[in-house]
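To keep things clear, I will list the structure first and then write my remarks on it.
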Amino acid sequence: MRIHDLGPVEVEIDGRRTQLGARPQAVLAVLLSHANERVSVAALAEAVWADSGRVGSQSTLESHVWRVRQVLEPDRPHRQAPRVLLTESGGYRLAVDVDQADSLEFLDLAGQSRDLVDADPRRSLRCCEEALALWRGDPFGASADALWAAAAVSRLMEIREQVQIRRVQALLACGEVDRAVVDSGTLTRDLPLNEDVWAQRMTALYRAGRPDEALQAFRTARDLMLEELGLDPGPTLQNLHARILAQDEDLHHPQSAQPTAQPTAAPHPVRPATNLPRRLPPLIGRGAELASLTALIADHGLVTVVGAAGCGKTRLAIEVARHGGETFPDGVFIVDLGSVERSGLVAELVASVIGLAPAPAGSVEEQLRQHLADQRILLVLDNCEHLAPMLYDLIMEVLDDDSDTHVLATSREPLAVPGEITWPLNPLITPADGDRAGSTALELFLARVREADPTLALDDVSLDLAAEICNDVDGLPLALELAAARVRTASLSEIADQVRTDPGNLRRVGGRGDHRRTLRQVIEWSHRLLEPEERLVHRRLSVLRGAFTRDCAATVAGFAPLSPGQVPDLLESLVNRSLLLALRAEEPGEESTFRQLATVRAHAAIALREADESVATIDSRHDWLRGMLARRPGDGRADEHGWYRELDVDFATVRASLESTLVDDPGPLGCFVLSRVSNFWYHRGRMIEGLKWLQLAVPAPVGSDPTDAAMTELNLAAAEGMRGRFDSSRPLFDHALAGLEEVPPDRLTDVVELLASAALVGALHRNFQMVAVLGRRLQEMAADGDPAFRLMADAVTCFAEIESTPPQISVERATELYHRGLADGVLLTCWICCIMLAALSVRTSGPEEGLIWNHRMIEVQIRLGARPESMPIEGRALLIMATGQLREGVALFAASEAQSRRAGLGWPAMPATEGQLAMARESLGEEAYRAAWEAGLSLTIEEALDLER
Numbered sequence: 000m001r002i003h004d005l006g007p008v009e010v011e012i013d014g015r016r017t018q019l020g021a022r023p024q025a026v027l028a029v030l031l032s033h034a035n036e037r038v039s040v041a042a043l044a045e046a047v048w049a050d051s052g053r054v055g056s057q058s059t060l061e062s063h064v065w066r067v068r069q070v071l072e073p074d075r076p077h078r079q080a081p082r083v084l085l086t087e088s089g090g091y092r093l094a095v096d097v098d099q100a101d102s103l104e105f106l107d108l109a110g111q112s113r114d115l116v117d118a119d120p121r122r123s124l125r126c127c128e129e130a131l132a133l134w135r136g137d138p139f140g141a142s143a144d145a146l147w148a149a150a151a152v153s154r155l156m157e158i159r160e161q162v163q164i165r166r167v168q169a170l171l172a173c174g175e176v177d178r179a180v181v182d183s184g185t186l187t188r189d190l191p192l193n194e195d196v197w198a199q200r201m202t203a204l205y206r207a208g209r210p211d212e213a214l215q216a217f218r219t220a221r222d223l224m225l226e227e228l229g230l231d232p233g234p235t236l237q238n239l240h241a242r243i244l245a246q247d248e249d250l251h252h253p254q255s256a257q258p259t260a261q262p263t264a265a266p267h268p269v270r271p272a273t274n275l276p277r278r279l280p281p282l283i284g285r286g287a288e289l290a291s292l293t294a295l296i297a298d299h300g301l302v303t304v305v306g307a308a309g310c311g312k313t314r315l316a317i318e319v320a321r322h323g324g325e326t327f328p329d330g331v332f333i334v335d336l337g338s339v340e341r342s343g344l345v346a347e348l349v350a351s352v353i354g355l356a357p358a359p360a361g362s363v364e365e366q367l368r369q370h371l372a373d374q375r376i377l378l379v380l381d382n383c384e385h386l387a388p389m390l391y392d393l394i395m396e397v398l399d400d401d402s403d404t405h406v407l408a409t410s411r412e413p414l415a416v417p418g419e420i421t422w423p424l425n426p427l428i429t430p431a432d433g434d435r436a437g438s439t440a441l442e443l444f445l446a447r448v449r450e451a452d453p454t455l456a457l458d459d460v461s462l463d464l465a466a467e468i469c470n471d472v473d474g475l476p477l478a479l480e481l482a483a484a485r486v487r488t489a490s491l492s493e494i495a496d497q498v499r500t501d502p503g504n505l506r507r508v509g510g511r512g513d514h515r516r517t518l519r520q521v522i523e524w525s526h527r528l529l530e531p532e533e534r535l536v537h538r539r540l541s542v543l544r545g546a547f548t549r550d551c552a553a554t555v556a557g558f559a560p561l562s563p564g565q566v567p568d569l570l571e572s573l574v575n576r577s578l579l580l581a582l583r584a585e586e587p588g589e590e591s592t593f594r595q596l597a598t599v600r601a602h603a604a605i606a607l608r609e610a611d612e613s614v615a616t617i618d619s620r621h622d623w624l625r626g627m628l629a630r631r632p633g634d635g636r637a638d639e640h641g642w643y644r645e646l647d648v649d650f651a652t653v654r655a656s657l658e659s660t661l662v663d664d665p666g667p668l669g670c671f672v673l674s675r676v677s678n679f680w681y682h683r684g685r686m687i688e689g690l691k692w693l694q695l696a697v698p699a700p701v702g703s704d705p706t707d708a709a710m711t712e713l714n715l716a717a718a719e720g721m722r723g724r725f726d727s728s729r730p731l732f733d734h735a736l737a738g739l740e741e742v743p744p745d746r747l748t749d750v751v752e753l754l755a756s757a758a759l760v761g762a763l764h765r766n767f768q769m770v771a772v773l774g775r776r777l778q779e780m781a782a783d784g785d786p787a788f789r790l791m792a793d794a795v796t797c798f799a800e801i802e803s804t805p806p807q808i809s810v811e812r813a814t815e816l817y818h819r820g821l822a823d824g825v826l827l828t829c830w831i832c833c834i835m836l837a838a839l840s841v842r843t844s845g846p847e848e849g850l851i852w853n854h855r856m857i858e859v860q861i862r863l864g865a866r867p868e869s870m871p872i873e874g875r876a877l878l879i880m881a882t883g884q885l886r887e888g889v890a891l892f893a894a895s896e897a898q899s900r901r902a903g904l905g906w907p908a909m910p911a912t913e914g915q916l917a918m919a920r921e922s923l924g925e926e927a928y929r930a931a932w933e934a935g936l937s938l939t940i941e942e943a944l945d946l947e948r
């Protein structure tokens, strides 16, 4: 675990960073400012609610503490005491070691640098640089300006200034004059009234052979101090000024770092020779990659940063070279191979860059090998992809066993050299679901927008547009920078429109001459290196939006002149060439997927149109979808092969087909699809999106099959019912049933399952009238049909008659039907029966028995391919309330409402819920009721349904 608190407060666990919400972040920040000390509940509450003018309750504070614990110790077993955020008498204590929090490590390194600056300036310098590298912004992030944080922030900022000054002192002591000149110049701007800083500036300039500038620095300092303070410089600066005028020889040499009887020479300057660009904008969003690559390149001879066009490989490599440069005393050089077309020129270019004079005889490669044999140099070979096969021999020469030279390469594909360490570089993190916190893409975009137009006001609408832009370009750094540069001439709304419709046309404006001025031209550079079959798959994949599986790609892209069997290997090739992202499965049983970046897909779509393959490829996509729908499990049976999960993974492709057949060119395929994915929307938590597509398909497009159209309308009726809108659902319901009077034999199974599922909606909402109508229709259809039909029909009828049947008889009938359905594998029957038996238990065997049936219902749902969702939580809450556990019941109701809102479902679904909540509010009192409700809002579905037991 690592807490990053010198900037936005983030918790890193195993390389993954999490940013907390505002209140939990404030809790963590307060505890960090008093690390390993007890903080009272009162002090913590006052700090957490300082911005609101009120103090929340202790129970609400406890819920925030619970969230912080979840982030700090995500794998802590249930009921095991926490080891990091401890509860102590009257308060809390954050137990962390120095290496677990940036602020603590910074203070430790600052102390070490102070102790070492005279005895060992080289080590002191290293401590200073490591300490300063930990800073990413204001301490404690959003809490930096809070009143409670003032003292802690002020202390950290003061120590940071001391470290910056001490760093220049160490640079001078080590003889690194050039770096001292640069860094002292920065400090005089940041700390213009600090005499020590001006003394360092004057000394650095004098030692660099620039005495006139050193004297000018004194005059500048004197003028500033007279203007701001009304005082002349103190004795230190006055004396230094006099020594410079006298050309004091002692000023040319740093003081000896080691006490000894013999005079010692000044340390030999170790600043490496370099051609790295000096002025670049700050690197944003790559802190973890920078640290990891800096460590890797110090220990490995060849590290290749591999990524898509525009993902920031060159910028990162330059910063890695800059940070790791001190470990390469003989030089750090970057060699841009982008303009080199022949491999024979590479060695000559490298030799020229490192300053190697031409030899009278022998090859350049041999000369390079001999020169590098006793050198510790870092070579950054940039833009290697088009030369990858030809660089093999040269790199093997450079990395000869006798050489201590290291190579950091950037390429859109690995170089395939023995010993190569490949570092895949993905785009930056995009905003997710409207949550802007933690998005490095948004951080970069906003930084570049402010650089392009510092006067631009950014309100919530602007930030939403910025987040949309980041998502539409998939967080690609080059695309973000090009889009941000347009704020000089376009509004954020106009920029968002462009990246939504054609992100590939984002272009450079002004700046250096670059023949690849648009993103599309940058991607074309990679495209022209592809083999013909790779180009074919590249363009055909453009009809697959979002993530897709191998099987989906093979079917859609694998038509003449390709076969489906060729496509998987070609996918690997495109990943290797950074024209396709591979998304590895994270859980056992899941399948890895692939995705084209939006900018790459835009290029591929143009290539598809130019090849006149758009219609054929879209038809192939539709064929894949028809084949997928044909494999759907029927008869209300278990989803043994993960069909719903597979469709969920490939749903972006389904969405593309629905859009083309319901929006772009309405046709019968829309109802064909929607009539065959009846339960998908509910099973996979996509009710909001499902409702949108169903509304577009009712009334049905011209030419739709009548059964498909009626089933689609019945699906819409059920969806409206799930939202609790039975007033708008009933006309759709009646009209759809009338359209299903005559059902073709080959659709009978689909219709029976849909009717039983619609009855399930009525059962969940206790709409017995709707259930009765569906029960009668099912009985008619099941009269001469499959035994599975009869089981579903009997279960629906049993539920419809529950109000007019003695409870114990209903329990006996439902129990029998449940076990018959379980034995025959008709799980939809079991689901309906579990709902009945859980509800009846309160009047018969007791709510404890109902909880058992509630859990069995969840198990049935999962076997059918559904994810756990909100309605079983509401049922569980009613049962828990019936046992007298009012606080727990209120918390579960809160969890149910929160999950229902996220899924687009109506709430409450059950008529008894509102009465039970009113009773609990009266019994518990308002404060205890609100605390229980707040606690429930943070529960996950798994926690609310007790699925971890």
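With numbering that gives the first Met the number 0 applied, the sequence shown closes on residue 948, and no number is skipped along the way.
Just so you know, even glycine gets a beta-carbon here, dropped at the ideal spot from N, CA and C.
Treat the numbers as computed from the prediction; the structure is a model and nothing was measured.
Beta-ladder partner(s) of Leu214, from DSSP = Note: Leu214 sits in no beta bridge, so no partner.
Tell me whether Gln807 sits in a helix, a strand or coil according to DSSP, three-state version.
-> helix
Answer with buried or exposed for Ile376, where buried requires no fewer than 16 other C-beta atoms within 10 angstroms of its C-beta.
-> buried
With a threshold of 16 other CB atoms inside 10 Å of the CB of Arg554, please say whether the residue is buried or exposed.
-> Sequence inspection shows Thr at residue 554; the Arg mentioned does not correspond to that position. Looking at its Cβ environment, which holds 16 or more other Cβ atoms inside 10 Å, Thr554 is buried.
Roughly how many whole angstroms lie between the Cα atoms of Met918 and Thr843?
-> 22 Å
Quick one: Cα of Glu226 to Cα of Gln199, how far?
-> When rounded, the separation of the alpha-carbon atoms in Glu226 and Gln199 is 21 Å.
Report, in whole angstroms, the separation of the C-beta atoms of Pro138 and Val67, which I expect to be a contact under 8 Å.
-> Taking 8 Å as the upper bound for CB-CB distance, Pro138 and Val67 are not in contact here, some 18 Å apart.
Determine the contact status of Thr598 and Leu518, defining contact as a CB-CB distance below 8 Å.
-> yes
Identify every run of the alpha helix (DSSP H) within the region 830-887, keeping only runs that are complete inside it and at least 4 residues long; order them along the chain.
-> 846-862, 869-881
The alpha helix (DSSP H) with Trp422 in it runs from where to where?
-> For Trp422, there is no enclosing alpha helix (DSSP H); the residue is found in the beta strand (DSSP E) stretching over 420-424.
So Glu128 packs on Arg188, CB below 8 Å; how close in whole Å?
-> The Cβ separation is near 20 Å, so there is no contact.
Rounded to whole angstroms, how far is the Cβ of Val38 from the Cβ of Val29, which I believe are closer than 8 Å?
-> 6 Å
Expressed to the nearest angstrom, what Euclidean distance is found between the alpha-carbon atoms of Leu19 and Gly437?
-> One C-alpha to the other measures close to 9 Å.
Endpoints, beta strand (DSSP E) assigned at Glu87 = First-last of the beta strand (DSSP E) with Glu87: 84-87.
How many Å lie between Ser803 and Ala629 at the Cα?
-> 41 Å
DSSP bridge partner residues for Leu292 (one or two, in chain order) | Answer is none; Leu292 lacks a bridge partner.
Nearest CA to the CA of Thr706: which residue from Glu740, Gly689, Asp733?
-> Glu740
Taking the beta strand (DSSP E) that Thr326 falls in, what are its first and last residues?
-> Unbroken run through Thr326: none, as it is neither H nor E.
Taking Ile428 as part of the alpha helix (DSSP H), name the residues at either end of that continuous run.
-> First-last for Ile428: undefined, no H or E at that position.
Give me the Cβ distance between Leu441 and Arg435, rounded to the nearest whole Å; I'm assuming they're in contact under 8 Å.
-> 6 Å
In terms of residue numbering, what span does the beta strand (DSSP E) encompassing Ile2 cover?
-> Ile2: member of the beta strand (DSSP E) spanning 1-3, first to last residue.
Excluding sequence positions up to five away, which residues of its chain have a Cβ less than 7 Å from the Cβ of Ser461?
-> Leu491
Do you know offhand how far Thr592's Cα is from Leu279's?
-> 36 Å
Could you give the distance in angstroms between the alpha-carbon of Leu443 and the alpha-carbon of Asp726?
-> 49 Å
Do Thr202 and Leu250 have their C-beta atoms closer together than 8 Å?
-> In contact: Thr202 and Leu250 (Cβ atoms closer than 8 Å).
List the whole-angstrom C-beta distance separating Ser937 from Ser895, where the pair is believed to meet the contact cut-off of C-beta under 8 Å.
-> At roughly 13 Å, the Cβ-Cβ gap does not stay under 8 Å, so Ser937 and Ser895 are not in contact.
Under the three-state DSSP convention, the category Pro266 falls into | Residue confidence is low: Pro266 scores 38 on pLDDT, short of 50, so the model does not pin down where it sits. Its coordinate-derived value is still stated next. Reduced to three states, the DSSP call for Pro266 is coil.
What is the residue span of the alpha helix (DSSP H) that Gly669 lies within?
-> 668-673
From the DSSP output, which residues share a beta bridge with Pro138?
-> The partner list for Pro138 (beta bridge, DSSP) reads Leu5.
Ala897: which of Leu236, Ala943, Val406 sits nearest, CA to CA?
-> Ala943
Note down the Cα distance separating Leu133 from Asp101, rounded to an integer number of angstroms.
-> 6 Å
Helix, strand or coil: which one does DSSP assign to Ala256?
-> Caution is warranted here: a pLDDT of 32 is assigned to Ala256, below 50, making its placement in the model unreliable, and the coordinate value is therefore given only provisionally. In this structure, Ala256 counts as coil in the three-state DSSP scheme.
Is it right to say Gly140 is buried, meaning 16 or more other beta carbons lie within 10 angstroms of its own, or is it exposed?
-> buried
Return helix, strand or coil for Val742, following the three-state DSSP convention.
-> coil
Go ahead and pull the three-state DSSP assignment for Gly761.
-> helix
Taking Thr592 as part of the beta strand (DSSP E), name the residues at either end of that continuous run.
-> 592-594
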